[in-house]
Amino acid sequence: MTALANSPEFHYQDGQLHVEALALAAIAQEVGTPFYCYSSAAIRRTYDNFASALRGLDPHIAYAMKANGNLAVIATFAGLGAGADVVSEGEVRRALAAGVPPAKIVFSGVGKTEAELEMALQAGVLLINVESEVELDTLSAVAVRLGVSARVALRVNPDVDPNTHAKISTGRKENKFGIDTGRIMAAFARAVDLPGMEIDGLAIHIGSQLTDIEPFRRAFTILATLVRELRGAGHTVRRLDLGGGLGIAYGDEPGPSAGGYAELVRQTVGDLDCQLTFEPGRALIGNAGVLVTAVILVKDSASRRFIVLDSAMNDLTRPSLYSAEHAIVAVAEPAADAPLHPFDIVGPICETGDTFATGRSLAPVRAGDLLAICSAGAYGAVMASSYNARLLIPEVLVDDGDFAVVRRRPTFDEMLDQDYIPDWIEKRESSENRAPVGPDVSAKSARRDRG
Ligand code: LLP
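Count along the sequence shown from 1, add 20, and you get the number used in this note's numbering.
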């Protein structure tokens, strides 16, 4: 039995890729492709590993649900004791709907609206991470209006290069996030004086998919220095929110370890006697999911051989957006001696960016074969769109020998129902040029109700 390099819950058994006790091909048969598939056991194992690495630090782990906001996924984390890191009213609502206690929710983000702040305060969230002096004033006014006290941390921008993709770097001074280190003392003093808030500490988040953990050391050291300076000036600092960002392996390479990260946390901020909050997203869910997709056709051009899949950049946008390289494997285990060919693995969308991998070595595949795009648990389904009028794809959660469709595939009728053709188009446009609008159109649309 061989397992995927970075997630043993996905393994070959009797020549078929299984997730826990279930064959992915059997799930595909019922649900139709493409679909996301998550493993509960992988979620539990990864969470336990992260939490036990931090043992002794009394961590508050707020799962960054932007990585995967499915209610069943959040509820699984909540059941393990996790809180939630949220960045919008929608995420507050999702966290609450999945059973996350408000007292474990942290609200982050560079631009929260007054309505969002109001909603979060009314829900009774634990902490609001404030990213600018302007936001301090807005939050104070909202809290005073509501007659409540907001618990606040100031997000520091430490100007540290996280050594990751530019689009997901957040801790450099040219990034929009946080308050410059040099302005923290003044901003903290101002927050102490503002009505309607209790300033609890500092927060930081320098970027995502950090595979080198040294930038964390630089950032947390800056944070520790600030805590000492603030205390030296007579302030009370009770909490540090260290953000998320710990990376994962997307291929065979070893990923950064939770143990190494925890050790670094101990060394840099472990002796400050602060309550520590963590906001991991990808590290908890990234390798707990795959995207299962079918081959539509294999096509040769003069210089390349293309595998065209039924999933595309709208379903999993990371390869086109960040040039991410996800491992891709056949669901039916190839023979050990099968010849390997270089393939360009692409979706059917009408742009060249719709490419999952180029020159990837795979055993030959045929139309109808299933492939699994690995490490798709984080920033997969949540970033999907319906570009090219493609339906959002379902999400499936497996637990041992059971599976549930935890988000079903919408129907084409539901897609069409979201738009509206105003009467004035009816009146103005010549009806000779147009077929009748309305129920006839949707009734004629192909239905795909499975899943
Ligand atoms: N906390 C804050 C304030 C964040 O902005 C983020 C992620 C996290 C926590 C969680 O970071 P993680 O542990 O997952 O690295 N769509 C991109 C990733 C964007 C990350 C945005 N912020 C991707 O697919 O790589």
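For each residue, glycine too, the CB sits at the ideal point set by N, CA and C.
Small disclaimer: the values here were computed from a predicted structure and weren't measured.
Can residue i and residue j be called in contact, C-beta distance under 9 angstroms?
{"i": "residue 230", "j": "residue 182", "result": "yes"}
{"i": "residue 239", "j": "residue 226", "result": "yes"}
{"i": "residue 103", "j": "residue 123", "result": "yes"}
{"i": "residue 55", "j": "residue 46", "result": "no"}
{"i": "residue 350", "j": "residue 42", "result": "no"}
{"i": "residue 383", "j": "residue 358", "result": "yes"}
{"i": "residue 176", "j": "residue 145", "result": "no"}
{"i": "residue 315", "j": "residue 388", "result": "yes"}
{"i": "residue 178", "j": "residue 242", "result": "yes"}
{"i": "residue 397", "j": "residue 58", "result": "yes"}
{"i": "residue 522", "j": "residue 390", "result": "What the structure shows of the chain is the stretch from 21 to 471, and residue 522 is not part of that stretch, so it cannot be assessed."}
{"i": "residue 118", "j": "residue 141", "result": "no"}
{"i": "residue 204", "j": "residue 147", "result": "no"}
{"i": "residue 105", "j": "residue 73", "result": "no"}
{"i": "residue 224", "j": "residue 191", "result": "yes"}
{"i": "residue 236", "j": "residue 174", "result": "no"}
{"i": "residue 9", "j": "residue 51", "result": "An answer regarding residue 9 cannot be provided, because it is not within the stretch 21 to 471 covered by the chain."}
{"i": "residue 244", "j": "residue 292", "result": "yes"}
{"i": "residue 412", "j": "residue 404", "result": "yes"}
{"i": "residue 114", "j": "residue 89", "result": "yes"}
{"i": "residue 304", "j": "residue 30", "result": "no"}
{"i": "residue 143", "j": "residue 116", "result": "yes"}
CA-CA distance, residue i and residue j?
{"i": "residue 166", "j": "residue 261", "result": "26 angstroms"}
{"i": "residue 93", "j": "residue 276", "result": "23 angstroms"}
{"i": "residue 201", "j": "residue 109", "result": "28 angstroms"}
{"i": "residue 444", "j": "residue 454", "result": "14 angstroms"}
{"i": "residue 417", "j": "residue 361", "result": "33 angstroms"}
{"i": "residue 415", "j": "residue 395", "result": "14 angstroms"}
{"i": "residue 81", "j": "residue 71", "result": "8 angstroms"}
{"i": "residue 159", "j": "residue 218", "result": "11 angstroms"}
{"i": "residue 376", "j": "residue 228", "result": "20 angstroms"}
{"i": "residue 456", "j": "residue 440", "result": "14 angstroms"}
{"i": "residue 421", "j": "residue 161", "result": "52 angstroms"}
{"i": "residue 34", "j": "residue 354", "result": "11 angstroms"}
{"i": "residue 379", "j": "residue 326", "result": "9 angstroms"}
{"i": "residue 67", "j": "residue 278", "result": "10 angstroms"}
{"i": "residue 187", "j": "residue 127", "result": "22 angstroms"}
{"i": "residue 216", "j": "residue 256", "result": "17 angstroms"}
{"i": "residue 24", "j": "residue 40", "result": "12 angstroms"}
{"i": "residue 294", "j": "residue 79", "result": "10 angstroms"}
{"i": "residue 446", "j": "residue 408", "result": "25 angstroms"}
{"i": "residue 28", "j": "residue 313", "result": "20 angstroms"}
{"i": "residue 419", "j": "residue 385", "result": "29 angstroms"}
{"i": "residue 342", "j": "residue 381", "result": "21 angstroms"}
Tell me the DSSP secondary structure of residue i in three-state form.
{"i": "residue 472", "result": "Since the first and last residues shown for the chain are 21 and 471, residue 472 lies out of range."}
{"i": "residue 429", "result": "coil"}
{"i": "residue 8", "result": "No answer is possible for residue 8: it lies beyond the span of the chain, which begins at 21 and ends at 471."}
{"i": "residue 407", "result": "helix"}
{"i": "residue 213", "result": "helix"}
{"i": "residue 287", "result": "helix"}
{"i": "residue 281", "result": "helix"}
{"i": "residue 145", "result": "coil"}
{"i": "residue 199", "result": "strand"}
{"i": "residue 440", "result": "coil"}
{"i": "residue 81", "result": "strand"}
{"i": "residue 467", "result": "Interpretation of residue 467 is limited by its pLDDT of 42, a score under 50 that renders its predicted location unreliable; the figure taken from the coordinates is listed afterwards. In this structure, residue 467 counts as coil in the three-state DSSP scheme."}
{"i": "residue 68", "result": "helix"}
{"i": "residue 103", "result": "strand"}
{"i": "residue 462", "result": "With a pLDDT of 46 at residue 462, under the threshold of 50, the modelled position of that residue is not reliable, and the figure given next carries that caveat. Looking at residue 462 - three-state DSSP - the assignment turns out to be helix."}
{"i": "residue 297", "result": "strand"}
{"i": "residue 14", "result": "Given that the chain is displayed from residue 21 to residue 471, the structure contains no residue 14 and the question cannot be resolved."}
{"i": "residue 43", "result": "strand"}
{"i": "residue 524", "result": "Residue 524 lies beyond the stretch modelled for the chain, which goes from 21 to 471, so this question has no answer here."}
{"i": "residue 74", "result": "coil"}
{"i": "residue 360", "result": "coil"}
{"i": "residue 207", "result": "helix"}
{"i": "residue 92", "result": "helix"}
Does residue i get closer than 9 angstroms to chain B when you measure Cβ to Cβ?
{"i": "residue 89", "result": "The chain labelled as chain B is not found in the depicted structure, where only one protein chain is given."}
Practice item. Could you tell me whether the segment 326-343 touches the segment 295-303, where touching means 3 or more Cβ pairs closer than 8 angstroms? Key: no
Practice item. For the segment 300-317 and the segment 51-71, state whether three or more C-beta atom pairs, one from each stretch, are separated by less than 8 angstroms. Key: yes
Point to revise | Contact between the segment 143-152 and the segment 192-199 (3+ Cβ pairs under 8 angstroms) | key: Inter-segment contact for the segment 143-152 and the segment 192-199 is present: three or more beta-carbon pairs are separated by less than 8 angstroms.
**Study point:** Unbroken stretches of the beta strand (DSSP E), 3 residues or longer, contained in the segment 108-142
**Key:** The segment 108-142 contains these whole beta strand (DSSP E) runs: 125-127.
Review point. Do the segment 356-373 and the segment 321-333 touch if we need at least three Cβ pairs shorter than 8 angstroms?
Key: yes
Review point. Along the chain, which unbroken stretches of the alpha helix (DSSP H) at least 4 residues long are found entirely within the segment 220-281?
Key: Fully enclosed alpha helix (DSSP H) runs of 4 or longer: 234-252.
Check your understanding: Which residue spans inside the segment 157-202 form an unbroken beta strand (DSSP E) run of at least 3?
Key -> 170-177
Exercise for review: Tell me the start and end of each unbroken beta strand (DSSP E) in the segment 303-356 that is at least 3 residues and wholly inside, in chain order.
Suggested key: 309-320, 325-329 and 348-350
Review point. Mind pulling the beta strand (DSSP E) runs of 3 or more residues that sit fully within the segment 367-427?
Key: 375-382, 390-393, 415-419 and 422-427, all fully within the segment 367-427.
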